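Visitor: Numbering (my numbering), first residue to last: 55 to 232.
We treat Cβ as the ideally placed atom computed from N, Cα and C, and that holds for glycine.
For clarity, every value in this text was computed on a predicted model and none was experimentally measured.
1. Expressed to the nearest angstrom, what Euclidean distance is found between the alpha-carbon atoms of residue 240 and residue 226?
2. Near residue 163, what residues of its chain come up, given a Cβ to Cβ distance below 8 Å and the 5 sequence neighbours on each side ignored?
3. Check for me: the beta strand (DSSP E) holding residue 167 runs from which residue to which?
4. The beta strand (DSSP E) with residue 128 in it runs from where to where?
5. List the DSSP bridge partners of residue 177.
6. Is the distance from the Cβ of residue 106 to the Cβ of residue 137 below 8 Å?
7. Starting from residue 118 and walking both ways along the alpha helix (DSSP H), at which residues does that stretch end?
8. Grab the span of the beta strand (DSSP E) containing residue 156 for me, first residue to last.
9. Compute the beta-carbon to beta-carbon distance between residue 148 and residue 175, rounded to the nearest angstrom, for a pair I have assumed lies under 8 Å.
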């Protein structure tokens, strides 16, 4: 008897079983008001956790859209300005630079630094003390921010003493090292 190891029917190498349930039936309004939402840029909510030196505005959160697993909004930092040191608790954050030049500092004494420009993504893991700096003296830094939960956590660290000269760090993709 020969044994074969055929993959299960309908299996693809890129499929993953994450234990997802089948979707619920559509709501009574057929998703009209509970489906896709377009939030105009003119109706963002600035009544969210703030850090000195930046203006955050929420587009997507639980209160506004019912989002349960993420928060999304915008961040603007004025020319030549920097935020206070802070972290976002257990949340992961992704910052997408739309316009301007971002300089990030991070670490227990903000001892590391890297820069990002339009089209670049910045990943901030949970609990990492960091500071956003607008590296441009005359252009507003405009970013889109997404977090891994609908909570708006910003824990300011006013007593953090930054080092005078941080070390520049270049990210190396562990999946495609050069």
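Guide: Reading from the atomic positions:
1. The requested residue 240 does not occur in the structure, where the chain is confined to residues 55 to 232.
2. Position 109 of the chain shown, counted from the start, is the residue given in the question as residue 163. Taken in chain order, the residues that qualify are 214, 215, 216 and 217.
3. Within the chain shown, numbered from 1, the residue matching residue 167 stands at position 113. Where residue 167 is concerned, the enclosing beta strand (DSSP E) stretches over 166-170.
4. Here residue 128 refers to the residue found at position 74 when the chain shown is read from its first residue. Boundaries of the beta strand (DSSP E) harbouring residue 128: 125-131, taken from the DSSP string.
5. In the chain shown, residue 177 corresponds to position 123, counting from 1. 148, per the DSSP bridge assignment.
6. The residue given as residue 106 occupies position 52 in the chain shown. The residue given as residue 137 occupies position 83 in the chain shown. In this structure, residue 106 places its C-beta atom within 8 Å of the C-beta atom of residue 137.
7. Sequence index remark: in the chain shown, residue 118 carries index 64 (1-based). Unbroken alpha helix (DSSP H) run through residue 118: 116-119.
8. Start at 1 with the first residue of the chain shown, and residue 156 comes out as number 102. For residue 156, the enclosing beta strand (DSSP E) covers residues 156-160.
9. Locating residue 148 in the chain shown gives position 94, counting from the first residue. Locating residue 175 in the chain shown gives position 121, counting from the first residue. Confirmed, Cβ separation roughly 6 Å.
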